[in-house]
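S.K.:
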Amino acid sequence: MKTYTYSLLATSIVLCGLTLVVPLRAQDSYLSEEDIFNEEVDGAANVYDPLERVNRYTFAFNDFVYLNFLQPLADGYTALTPDPVEEGASKFFYNLKYPVRLVANLLQGRLNGVWVESGRFAINSTLGIAGVMTPADNFKDFAPIKPEDIGQALGAWGIGPGPYLVLPLLGPSNLRDLGGLIGDRSVNPMKEPFSLIDDWDWEWRLALTSSEFIVTSPTLLERYQQLKGSAIDPYSSLRNGYTQFRLGAIAE
Amino acid sequence: MFDYLHNFLFASALLACSVLTAEEGQREKLQSTIDAALDVIYSDCCSELTVEDKQAIVRERIEANYDLDVIIRRAIGRNWQLMKTSEQETVLELVKKLVLKAYVDGLEGKSRPEVTLGDVTTISDTRIEIISTINLDGKTYFVLYRLGRMASGWQIYDIVAENISVVSNYRQQIDDHFRKGNAAELIARLEELLQKNDINEDIHI
Chain F
1 MKTYTYSLLA TSIVLCGLTL VVPLRAQDSY LSEEDIFNEE VDGAANVYDP LERVNRYTFA
61 FNDFVYLNFL QPLADGYTAL TPDPVEEGAS KFFYNLKYPV RLVANLLQGR LNGVWVESGR
121 FAINSTLGIA GVMTPADNFK DFAPIKPEDI GQALGAWGIG PGPYLVLPLL GPSNLRDLGG
181 LIGDRSVNPM KEPFSLIDDW DWEWRLALTS SEFIVTSPTL LERYQQLKGS AIDPYSSLRN
241 GYTQFRLGAI AE
Chain D
1001 MFDYLHNFLF ASALLACSVL TAEEGQREKL QSTIDAALDV IYSDCCSELT VEDKQAIVRE
1061 RIEANYDLDV IIRRAIGRNW QLMKTSEQET VLELVKKLVL KAYVDGLEGK SRPEVTLGDV
1121 TTISDTRIEI ISTINLDGKT YFVLYRLGRM ASGWQIYDIV AENISVVSNY RQQIDDHFRK
1181 GNAAELIARL EELLQKNDIN EDIHI
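Residue numbers (the working numbering), protein chains in the order written: chain F, 1 to 252; chain D, 1001 to 1205.
#1: Should F142 of chain F go down as buried or exposed, given a rule of 16 or more other Cβ atoms within 10 Å for buried?
#2: Can the beta-carbon of A153 of chain F be found closer than 8 Å to that of L107 of chain F?
#3: Applying a beta-carbon distance threshold of less than 7 Å, which residues of chain F neighbour T1126 of chain D?
#4: Counting C-beta neighbours from all protein chains within 10 Å, is the total for A1102 of chain D 16 or more, i.e. buried, or is it exposed?
#5: Across the stretch 1128-1147 of chain D and the stretch 1111-1119 of chain D, are there enough close Cβ pairs to call them in contact, namely three or more that are closer than 8 Å?
#6: Using a threshold of 7 Å, is the CB atom of V1115 of chain D nearer than that to any non-hydrogen atom of the ligand GTP?
#7: Comparing alpha-carbon positions, which option in D:R1127, D:K1054, D:V1040, D:S1165 lies nearest G241 of chain F?
#8: Taking 8 Å as the CB-CB cut-off, is G248 of chain F touching chain D?
#9: Verify whether the separation of the beta carbon atoms of G131 of chain F and N124 of chain F is less than 8 Å.
#10: If you compare alpha carbons, which of D:D1067, D:V1160, D:L1136 is closest to L1038 of chain D?
#11: List, from N- to C-terminal side, the beta strand (DSSP E) runs of 3 residues or more that fit wholly inside the stretch 1143-1202 of chain D.
#12: Does the beta-carbon of F92 of chain F have 16 or more other beta-carbons within 10 angstroms, so that it is buried, or is it exposed?
#13: Which two residues bound the contiguous beta strand (DSSP E) that contains R1112 of chain D?
#14: Quick one: give me the first and last residue of the beta strand (DSSP E) that P172 of chain F is part of.
#15: Quick one: residues in its chain with C-beta nearer than 8 Å to the C-beta of T58 of chain F, no 5 flanking neighbours on either side, listed in chain order?
#16: Taking only runs that begin and end inside the stretch 1053-1134 of chain D, name each unbroken alpha helix (DSSP H) of 4 or more residues, in chain order.
#17: Between which residues of its own chain and G183 of chain F is the CB-CB distance below 6 Å, once the five residues before and five after are set aside?
#18: Pick helix, strand or coil for V254 of chain F, following the three-state DSSP scheme.
#19: With burial defined as no fewer than 16 other Cβ atoms inside 10 Å of the residue's Cβ, what is the status of T243 of chain F: buried or exposed?
#20: On a CA-only basis, which of D:G1138, D:E1087, D:G1148 is nearest A1188 of chain D? Give me that one, please.
#21: If you draw a straight line from the alpha carbon of E1063 of chain D to that of E33 of chain F, how long is it in whole angstroms?
#22: Per DSSP, T1140 of chain D forms a beta bridge with which residues?
#23: Output yes if chain F places a C-beta closer than 8 Å to the C-beta of D1176 of chain D; else output no.
#24: Mind checking who L31 of chain F pairs with in its DSSP beta bridge?
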């Protein structure tokens, strides 16, 4: 009994000591204004942009085209198409780009990515009726993963981004990602001039490419407008956003 | 000896629990702030309000728990010193209004997003991160909240949406602005942005 009383007393002293020390430590330990306000931030503070003058003109041109041509097209498509059809069309085109994701995973040695993408493609193309639906979501081993492209693979190999570029109509990029885009096109079954499917008529390819453009544009335009609406300098904001996004995608 | 050890372990566990609860408390606080802000846009009680009124109430609800100046001051960075006190106050206020306008405008007309907060990740004694999953119109997005312990309590010092840090994005824009312009021009630009009802206006180089 005596031992127990002593141990209880000792424990109470330790507990009281700790409960006094911890709040004191917590009060002492906080971030100062200097720490939080003037700290360097991660990401894309110094994007190499030697072509800024030209890029800004291309950016303004793209903005004009998006708002005056693409936006009405996207609005019309959204208004006319019921949501499930819109969703199905988007999934169909995503499924069709499987070769791009496959090659990008292979180039990075991501065997799990190769397995998941191949499994999803097989399931969605068959049970999902050419990818319009995604029954692969119901298989635990084939849950969706983040899409890879060849630009990301080049980044994962340690190739730097090079100068920032704004491509006419296509928007933000950089020299590495432009190389990746050419690689993507060479393995994308829909795209000219490197299409793997040689016996397709150009009319079919054009129809598919245009459809893909219309199907994907509402989402892209919505994101673009959100970014633009809250930007002090939309060009600078998009350059930073694109660079951070790509850095994150490569790091993953 | 066994009794002592037993009591000591009990005391340690109690202490660990109290520290964990403090961090978990931040998760609850963040969740309730997000829910309260979303209620303004989506609940029936506020459906009659104008967009401006909604922005004001969203601001009120966020500021009840967090100091918005922290994230904006961090976005301004060292450019803060390039402004006079009156300009600093004006810029803070205008950026705050701009961000809230973008938030409310961006959600208006859409279905209510489902926001689920993940576990609290402790980075250091003074920094924690909380990941959230947002389901909006059938799509899933990831948003990371970075919180720091300041003299005024835990404050949000950055929000990273789909790998894009809000602070880094604004810091770059403001850095770029001050390379060529001054505070008065920044204020004029912010006022111009706030007056715009339609963001679909052409870009001027």
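We treat Cβ as the ideally placed atom computed from N, Cα and C, and that holds for glycine. Given the structure is predicted, the values throughout are model-derived calculations rather than measurements.
M.R.: The answer reads as follows:
#1: Along the first sequence, read from residue 1 onward, the residue named residue 142 of chain F stands at position 142. So F142 of chain F ends up on the buried side.
#2: Here residue 153 of chain F refers to the residue found at position 153 of the first sequence. Here residue 107 of chain F refers to the residue found at position 107 of the first sequence. Taking 8 Å as the Cβ cut-off, A153 of chain F and L107 of chain F qualify as a contacting pair.
#3: Mapped onto the second sequence, residue 1126 of chain D falls at position 126. What T1126 of chain D touches in chain F: S29, Y30, L31.
#4: Against the second sequence, residue 1102 of chain D aligns to sequence position 102. It counts as buried.
#5: yes
#6: With respect to small molecules bound, the structure shown includes none, and the ligand GTP cannot be examined in it.
#7: Locating residue 241 of chain F in the first sequence gives position 241, where the first residue counts as 1. Taking only the C-alpha atoms, the option nearest G241 of chain F is D:S1165.
#8: Numbered from 1 along the first sequence, position 248 holds the residue referred to as residue 248 of chain F. True, the Cβ-Cβ gap to chain D drops below 8 Å.
#9: Along the first sequence, read from residue 1 onward, the residue named residue 131 of chain F stands at position 131. Along the first sequence, read from residue 1 onward, the residue named residue 124 of chain F stands at position 124. Against a cut-off of 8 Å, the Cβ pair of N124 of chain F and G131 of chain F comes out as a contact.
#10: Counting from 1 along the second sequence, the entry for residue 1038 of chain D is found at position 38. Per the Cα distances, D:L1136.
#11: 1153-1161
#12: Here residue 92 of chain F is taken as the residue at index 92 of the first sequence, counted from 1. The residue in question, F92 of chain F, is buried, as its Cβ has 16 or more Cβ neighbours within 10 Å.
#13: To locate residue 1112 of chain D, count along the second sequence from 1; it is residue 112. First-last for R1112 of chain D: undefined, no H or E at that position.
#14: To locate residue 172 of chain F, count along the first sequence from 1; it is residue 172. From DSSP, the beta strand (DSSP E) with P172 of chain F extends over 171-174.
#15: One-based indexing of the first sequence puts residue 58 of chain F at position 58. Within the same chain, T58 of chain F has close Cβ partners V166, L167, P168.
#16: 1068-1076, 1085-1107
#17: Start at 1 with the first residue of the first sequence, and residue 183 of chain F comes out as number 183. For G183 of chain F, where only same-chain residues beyond five positions count, the Cβ hits under 6 Å are I150.
#18: Given that chain F is displayed from residue 1 to residue 252, the structure contains no residue 254 of chain F and the question cannot be resolved.
#19: Looking up residue 243 of chain F in the first sequence gives position 243. When all chains shown are included, T243 of chain F counts as buried.
#20: Counting from 1 along the second sequence, the entry for residue 1188 of chain D is found at position 188. When only C-alpha atoms are compared, the closest one is D:E1087.
#21: Start at 1 with the first residue of the second sequence, and residue 1063 of chain D comes out as number 63. Start at 1 with the first residue of the first sequence, and residue 33 of chain F comes out as number 33. Distance between the alpha carbons of E1063 of chain D and E33 of chain F is about 19 Å.
#22: For the purposes of this step, residue 1140 of chain D is taken as the residue at position 140 of the second sequence. DSSP lists D:N1135 as partners of T1140 of chain D.
#23: On the second sequence, position 176 is the one that residue 1176 of chain D refers to. So yes, D1176 of chain D belongs to the interface.
#24: In the first sequence, residue 31 of chain F corresponds to position 31, counting from 1. In DSSP, L31 of chain F forms a bridge with D:M1150.
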